[in-house]
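Engineer: Heads up: the protein sequence lines correspond to chains A and B, in order. Using my numbering, the first residue of the first sequence is number 7, and each one after it goes up by one. Using my numbering, the first residue of the second sequence is number 151, and each one after it goes up by one.
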Amino acid sequence: MATSAAFKNLQPVPVTEIPRLSPAEFRRAMVEDAEAGRRIVLFFGDREPAGVTLTAVLADDDRSRLFAASTCVGSEARYPAITPDVPAFHLFEREVYEEFGLEPVGHPWLKPVRRGIAGINPAEAPTAFFRMEGDEVHEVGVGPIHAGVIEPGHFRFSCQGEDVHHLEIQLGFQHRGVENLFLRRRDHPAFLLRLAESIAGDSVIGHAGAFAGATEALGRILPARRALMIRVIAQELERIGIHLGDLAALAGDVAYLTGQSVYGALRTKIINTTLALCGSRFGRGLIAVGGVRFDVTPEGRAAVRSVLEEVEEGARLASAVLFGSGSVLARFEKAGIVYPETARQIGLVGPAARASGLARDVRSDHPYGGYAYFPVHKMTLTSGDVFARAYIRSVEIAQSIRLVREQIDLLPEGDLLHPPGPPAAGHLVVSLAEGWRGEIAHAAVTDDEGRLKRYKIKDPSFHNWFGLAMAVRKNGISDFPICNKSFNLSYCGFDL
Amino acid sequence: MLDLLKLRKRHGRPVIKDLRRAEVKAPFRGFPLLREGACPDGCDQCLRACPTGALSIRPLRLDLGACLFCGDCETACPAGMVRSTPAHRLGASKRETLRIGPGETAASFAAKAIGSRREIRRLFGRSLKLRQVSAAGCNGCEMELGACGNVNFDMGRFGVDFVASPRHADGLVLTGPISRNMSPALKDAYRSLGTPRVVVAAGACAIHGGLFAESVDLDRSFLAETPIDLFVPGCPPHPLTFIRAVLDFLGR
Ligand code: SF4
Ligand code: SF4
Numbered sequence: 007m008a009t010s011a012a013f014k015n016l017q018p019v020p021v022t023e024i025p026r027l028s029p030a031e032f033r034r035a036m037v038e039d040a041e042a043g044r045r046i047v048l049f050f051g052d053r054e055p056a057g058v059t060l061t062a063v064l065a066d067d068d069r070s071r072l073f074a075a076s077t078c079v080g081s082e083a084r085y086p087a088i089t090p091d092v093p094a095f096h097l098f099e100r101e102v103y104e105e106f107g108l109e110p111v112g113h114p115w116l117k118p119v120r121r122g123i124a125g126i127n128p129a130e131a132p133t134a135f136f137r138m139e140g141d142e143v144h145e146v147g148v149g150p151i152h153a154g155v156i157e158p159g160h161f162r163f164s165c166q167g168e169d170v171h172h173l174e175i176q177l178g179f180q181h182r183g184v185e186n187l188f189l190r191r192r193d194h195p196a197f198l199l200r201l202a203e204s205i206a207g208d209s210v211i212g213h214a215g216a217f218a219g220a221t222e223a224l225g226r227i228l229p230a231r232r233a234l235m236i237r238v239i240a241q242e243l244e245r246i247g248i249h250l251g252d253l254a255a256l257a258g259d260v261a262y263l264t265g266q267s268v269y270g271a272l273r274t275k276i277i278n279t280t281l282a283l284c285g286s287r288f289g290r291g292l293i294a295v296g297g298v299r300f301d302v303t304p305e306g307r308a309a310v311r312s313v314l315e316e317v318e319e320g321a322r323l324a325s326a327v328l329f330g331s332g333s334v335l336a337r338f339e340k341a342g343i344v345y346p347e348t349a350r351q352i353g354l355v356g357p358a359a360r361a362s363g364l365a366r367d368v369r370s371d372h373p374y375g376g377y378a379y380f381p382v383h384k385m386t387l388t389s390g391d392v393f394a395r396a397y398i399r400s401v402e403i404a405q406s407i408r409l410v411r412e413q414i415d416l417l418p419e420g421d422l423l424h425p426p427g428p429p430a431a432g433h434l435v436v437s438l439a440e441g442w443r444g445e446i447a448h449a450a451v452t453d454d455e456g457r458l459k460r461y462k463i464k465d466p467s468f469h470n471w472f473g474l475a476m477a478v479r480k481n482g483i484s485d486f487p488i489c490n491k492s493f494n495l496s497y498c499g500f501d502l
Numbered sequence: 151m152l153d154l155l156k157l158r159k160r161h162g163r164p165v166i167k168d169l170r171r172a173e174v175k176a177p178f179r180g181f182p183l184l185r186e187g188a189c190p191d192g193c194d195q196c197l198r199a200c201p202t203g204a205l206s207i208r209p210l211r212l213d214l215g216a217c218l219f220c221g222d223c224e225t226a227c228p229a230g231m232v233r234s235t236p237a238h239r240l241g242a243s244k245r246e247t248l249r250i251g252p253g254e255t256a257a258s259f260a261a262k263a264i265g266s267r268r269e270i271r272r273l274f275g276r277s278l279k280l281r282q283v284s285a286a287g288c289n290g291c292e293m294e295l296g297a298c299g300n301v302n303f304d305m306g307r308f309g310v311d312f313v314a315s316p317r318h319a320d321g322l323v324l325t326g327p328i329s330r331n332m333s334p335a336l337k338d339a340y341r342s343l344g345t346p347r348v349v350v351a352a353g354a355c356a357i358h359g360g361l362f363a364e365s366v367d368l369d370r371s372f373l374a375e376t377p378i379d380l381f382v383p384g385c386p387p388h389p390l391t392f393i394r395a396v397l398d399f400l401g402r
């Protein structure tokens, strides 16, 4: 008997075709799949009359295949933990424990993920922080409110002298019940689309696109290619804009102030171009279920082309200076290393993964929407340090500029909007998208009448925060800002 | 070195010279115009389209504080009763002012929406330091507030800056719908400010709860306990909307 159902990104599968294994079989299947090189994409629970159904979605990136398996945990409310053998499960299992009270027996550390926050709700034990003891050992606590105009979270550094031995990242301060709202307002699709745009306000196109893709797949339609290509253009502009902003922030942190100003001004040009296309600097309102709401006119195309030319040359020069400067490299190189093996074990995604030698990119591994029509070359570096995570951004900026330039000239004629049919009943669809941070995953499960019964969201930050914790180990605490900015992770995308 | 010089030359001076005259171009969706006259019988298309319940009909009203400026109502209305304009001056010093009706124009709204108190002008007119607190803001508002200080907008030229510690701040800028988990930290930050102090609520989430108004994971008690001096609508507010509102508030 097959232990999982095989399908593709955006291909709905009847829930009845997903094998339902016993908890022990399920665990064995997960461990074997991981050993065979499959990667965890999603793991989520759904409360049903008989208990909680746990569904895992794994990916075989080389073969563009996804696999789903499930198990049901009844009143015993416990199952054998998978984490000891597959560390990438650790946060997912904590999440399921927090949400449904199912204990993964053998899990090393069942600390709350986002609901009960240390020091705020002590009733929700265990909230204790990891402790280190010894001579000259001290702790530094930062947040939830940080020094800048950014989102909140709590960082607890265990240090010896200047060196960080461990960083514990406690999130959850931004938890505003997003998944719950998806169900409560499931009869109001316009609301859900706007909600998807606000899962992480810096990844509007990524998350709204993933939601629209899932809804369209359940409604058995594919938007016209013109609409899909406009989404691609918006997604790449989002990537270019944020990468420029991240390079500005990194430059600022090592006191290369010209770089900070130049990258920042280039970012403004990009997001103002997005505004010229759709009325919002972050692409809000562009994506519609079934297509897009705004066309790219000939004038729009000319404007995008000229801005890209300017940004390409400006970014090239700024990067030549940034990465050619010894004093910058002295800070970036060998700081915050995540070794490829660690990256693989904890399941890093996106540019952070590619900077640590993992060739992962949903655009080419699990092509979707407009990305199904042309290849995106995967680029990797191997040093896994701040330098690699910064440099890969500059390479990706150049790549995305080329992609947009090519595609915007090839925009086929076609309708902008194509309303979907009624959603398929009793199906699961997984919608993966490569946001600028990495793999965004949405899973929609419908009931017998085709209404949403579970909506699961995973921002790439869910994998990558732990990567930041690994990166700062054995580094001076003063390198934390550049380590942090080299990841630039989302708090609300994680906290949901 | 040569590259650095070339770079410096290319960069030029990207600052917007006169922020008070700067405008945001269409298709930016700013101040919405409501048409006078009756809606078609039995029509409630805009109510169905609106994600946040910002609209009410018969009589037609729109709450700028709840509005995401998504334009869905404009698309849905068969009678063209709502029309977006790119006008970006949306701030108001009273919550009530944000509820607009037919006949209100961007200019008539902007002329009256922000009152500048003498005491505020005297104390903060030349320097206002703000501590921003994101309480479950999605990073949209945070990025736009951050942008206010960049080389394009350069809000700092007016003596208005974001600072790191609430102890250094004259005011607090709130973003986000206020999650239960951020409520205590937000209140702590507010208590750490000196007095007198000003409070600005920026974005639909902070002002009204926005998309999250119905969530059970919020604790908005801070707003019931705290007087708000300035409301800046948007999802997120454009940097010019924010800067202009603060300047009007300071009487500059
Ligand atoms: S523009 Fe404002 S009032 Fe109109 S539908 Fe969107 S949120 Fe509602
Ligand atoms: S108002 Fe909009 S941009 Fe601001 S925090 Fe809320 S959802 Fe995000």
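A virtual CB, placed ideally from N, CA and C, is assigned to each residue, including glycine.
My output table needs one value for residue 486 of chain A: the three-state DSSP class, helix, strand or coil.
Structural biologist: The sequence position of residue 486 of chain A within the first sequence is 480, counting from 1. Here residue 486 of chain A sits in helix by DSSP.
Engineer: With a threshold of 7 Å between beta carbons, is residue 220 of chain B in contact with chain A?
Structural biologist: Your numbering for residue 220 of chain B matches position 70 in the second sequence. Answer yes: the Cβ-Cβ gap between residue 220 of chain B and chain A drops below 7 Å somewhere.
Engineer: When DSSP labels each residue in this structure, what does residue 360 of chain B get in the three-state scheme?
Structural biologist: Counting from one through the second sequence, the residue named residue 360 of chain B turns up at place 210. Reduced to three states, the DSSP call for residue 360 of chain B is helix.
Engineer: Anything in chain B within Cβ reach of residue 221 of chain A, meaning under 9 Å, just list it in chain order.
Structural biologist: Here the question's residue 221 of chain A lines up with position 215 in the first sequence. By Cβ distance, chain B contributes nothing, its closest Cβ being about 15 Å from residue 221 of chain A, past 9 Å.
Engineer: Is there at least one Cβ from chain B nearer than 7 Å to residue 336 of chain A's Cβ?
Structural biologist: The residue labelled residue 336 of chain A in the question sits at position 330 within the first sequence. Judged by the 7 Å Cβ criterion, residue 336 of chain A is not in contact with chain B.
Engineer: For residue 471 of chain A, count neighbouring C-beta atoms within 10 Å of its own C-beta (all shown protein chains included) and say buried if the count is 16 or more, exposed if not.
Structural biologist: Start at 1 with the first residue of the first sequence, and residue 471 of chain A comes out as number 465. Answer is buried; the Cβ neighbour count reaches 16.
Engineer: Can you tell me whether residue 125 of chain A is helix, strand or coil according to DSSP?
Structural biologist: As a working mapping, residue 125 of chain A is identified with position 119 in the first sequence. Reliability of the predicted coordinates at residue 125 of chain A is poor, the pLDDT of 44 falling under 50, and the value obtained from them is presented with this limitation in mind. DSSP places residue 125 of chain A in coil when its eight states are reduced to three.
Engineer: Hey, how far is the Cα of residue 35 of chain A from the Cα of residue 46 of chain A?
Structural biologist: Here residue 35 of chain A refers to the residue found at position 29 when the first sequence is read from its first residue. Here residue 46 of chain A refers to the residue found at position 40 when the first sequence is read from its first residue. Taking the straight line from one Cα to the other gives about 12 Å.
Engineer: Classify residue 66 of chain A as helix, strand or coil using the three-state DSSP reduction.
Structural biologist: Counting from one through the first sequence, the residue named residue 66 of chain A turns up at place 60. Of the three classes helix, strand and coil, the one that applies to residue 66 of chain A here is strand, per DSSP.
Engineer: Ordered along the chain, which non-local residues of its own chain (more than five positions away) have a Cβ less than 6 Å from that of residue 456 of chain A?
Structural biologist: As a working note, residue 456 of chain A is residue 450 in the first sequence. Cβ neighbours of residue 456 of chain A beyond the five flanking positions: 428, 429, 431.
Engineer: Just to confirm before moving on: does the CB-CB distance between residue 147 of chain A and residue 162 of chain A stay below 7 Å?
Structural biologist: The residue given as residue 147 of chain A occupies position 141 in the first sequence. The residue given as residue 162 of chain A occupies position 156 in the first sequence. Contact: yes.
Engineer: I need the boundaries of the alpha helix (DSSP H) containing residue 370 of chain A, first residue and last residue.
Structural biologist: As a first step, residue 370 of chain A must be located in the first sequence, where it is residue number 364. Element bounds for residue 370 of chain A: 368 to 371.
Engineer: Output, in sequence order along the chain, the residues in the region 141 to 161 of chain A whose CB is closer than 9 Å to any CB in chain B.
Structural biologist: Correct list: 149, 150, 151, 152, 153, 154, 155, 156, 157, 158.
Engineer: Closer than 8 Å, Cβ to Cβ, to anything on chain A: give me those residues from the region 153 to 164 of chain B, in chain order.
Structural biologist: Listed by position, the residues of the region 153 to 164 of chain B near chain A (Cβ gap below 8 Å) are 153, 154, 156, 157, 158, 160, 161, 164.
Engineer: By Cβ distance below 7 Å, which residues in the same chain neighbour residue 206 of chain A in space, the five residues on each side in sequence not counted?
Structural biologist: Your numbering for residue 206 of chain A matches position 200 in the first sequence. Cβ within range, chain order: 213, 465, 496, 498, 499.
Engineer: Output yes if chain A places a C-beta closer than 7 Å to the C-beta of residue 367 of chain B; else output no.
Structural biologist: In the second sequence, the residue the question calls residue 367 of chain B occupies position 217. Closer than 7 Å: yes.
Engineer: What residue range does the alpha helix (DSSP H) around residue 413 of chain A cover?
Structural biologist: In the first sequence, residue 413 of chain A corresponds to position 407, counting from 1. Counting along the chain, the alpha helix (DSSP H) containing residue 413 of chain A begins and ends at 392 to 415.
Engineer: So if DSSP puts residue 59 of chain A in a beta bridge, which residue, or which two residues, is it bridged to?
Structural biologist: As a first step, residue 59 of chain A must be located in the first sequence, where it is residue number 53. Answer is A/52, A/78.
Engineer: For residue 208 of chain A, which residues in chain B fall below 7 Å Cβ to Cβ?
Structural biologist: Locating residue 208 of chain A in the first sequence gives position 202, where the first residue counts as 1. Near residue 208 of chain A (Cβ distances below 7 Å), the residues of chain B are 289, 293.
Engineer: Is there a Cβ from chain B that is less than 7 Å from the Cβ of residue 213 of chain A?
Structural biologist: Start at 1 with the first residue of the first sequence, and residue 213 of chain A comes out as number 207. No, its Cβ sits nowhere closer than 7 Å to a Cβ of chain B.
Engineer: For residue 320 of chain A, collect the residues of the same chain with a Cβ closer than 7 Å to its Cβ; drop the 5 residues on either side in sequence, then sort them by chain order.
Structural biologist: As a first step, residue 320 of chain A is located in the first sequence; it is residue number 314 there, counting from the start. Taken in chain order, the residues that qualify are 268, 272.
Engineer: Mind checking if residue 432 of chain A is an interface residue toward chain B, Cβ cutoff 7 Å exclusive?
Structural biologist: Within the first sequence, numbered from 1, the residue matching residue 432 of chain A stands at position 426. It does not; no Cβ of chain B falls within 7 Å.
Engineer: Grab the span of the beta strand (DSSP E) containing residue 88 of chain A for me, first residue to last.
Structural biologist: Here residue 88 of chain A corresponds to residue number 82 of the first sequence, with the count starting at 1. First-last for residue 88 of chain A: undefined, no H or E at that position.
Engineer: Going along the chain, which residues of the region 164 to 193 of chain A sit with their C-beta nearer than 9 Å to a C-beta in chain B?
Structural biologist: Those would be 178, 179, 180, 181, 182, 183, 184, 186, 187, 190, 191, in chain order.
Engineer: Compare the C-alpha of residue 58 of chain A against each of A/49, A/142, A/78 and name the closest.
Structural biologist: If you number the first sequence from 1, residue 58 of chain A lands on position 52. Closest by alpha carbon: A/78.
Engineer: Listing by chain order, which chain A residues have their CB less than 8 Å from the CB of residue 332 of chain B?
Structural biologist: The residue you call residue 332 of chain B lines up with position 182 of the second sequence. The contacting residues are 150, 158, 179, 180.
Engineer: Tell me the DSSP bridge mates of residue 161 of chain A?
Structural biologist: Start at 1 with the first residue of the first sequence, and residue 161 of chain A comes out as number 155. Its beta-bridge partners are A/148, A/175.
Engineer: Along chain B, in chain order, which residues have C-beta atoms closer than 7 Å to that of residue 323 of chain A?
Structural biologist: The residue you call residue 323 of chain A lines up with position 317 of the first sequence. Result: 153, 156, 157, 160.
Engineer: Along chain B, which residues have their Cβ under 7 Å away from the Cβ of residue 200 of chain A?
Structural biologist: Here residue 200 of chain A is taken as the residue at index 194 of the first sequence, counted from 1. Residues of chain B passing the Cβ test: 201, 218, 220, 361.
Engineer: With distances taken from each beta carbon to the nearest heavy atom of ligand 1, which residues come in below 6 Å, in chain order?
Structural biologist: So the residues near ligand 1 by this Cβ test are B/199, B/200, B/201, B/202, B/204, B/205, B/212, B/217, B/218, B/219, B/220, B/221, B/222, B/223.
Engineer: Alpha carbon to alpha carbon, how far is residue 300 of chain A from residue 307 of chain A?
Structural biologist: For the purposes of this step, residue 300 of chain A is identified with residue 294 of the first sequence, where counting begins at 1. For the purposes of this step, residue 307 of chain A is identified with residue 301 of the first sequence, where counting begins at 1. About 13 Å.
Engineer: Can you name, in chain order, every residue of its own chain whose Cβ lies under 6 Å from the Cβ of residue 199 of chain B, other than the five neighbours on each side?
Structural biologist: Locating residue 199 of chain B in the second sequence gives position 49, counting from the first residue. So the list reads 222, 223, 226, once near-sequence residues are dropped.
Engineer: Using 10 angstroms around the beta-carbon of residue 87 of chain A, count the other beta-carbons present and answer buried if the total reaches 16, otherwise exposed.
Structural biologist: Counted from its first residue, the first sequence places residue 87 of chain A at position 81. Buried is the call here.
Engineer: Shorter than 6 Å, the distance from the beta carbon of residue 204 of chain A to the closest heavy atom of ligand 2, or not?
Structural biologist: Sequence index remark: in the first sequence, residue 204 of chain A carries index 198 (1-based). Correct: residue 204 of chain A has its Cβ closer than 6 Å to ligand 2.
Engineer: Using 8 Å as the Cβ pair cut-off and three pairs as the minimum, do the region 242 to 260 of chain A and the region 313 to 333 of chain A touch?
Structural biologist: In short, these stretches touch, since the Cβ pair count reaches three.
Engineer: What does the alpha-carbon distance come out to for the pair residue 327 of chain A and residue 262 of chain A?
Structural biologist: To locate residue 327 of chain A, count along the first sequence from 1; it is residue 321. To locate residue 262 of chain A, count along the first sequence from 1; it is residue 256. Taking the straight line joining both Cα atoms gives about 10 Å.
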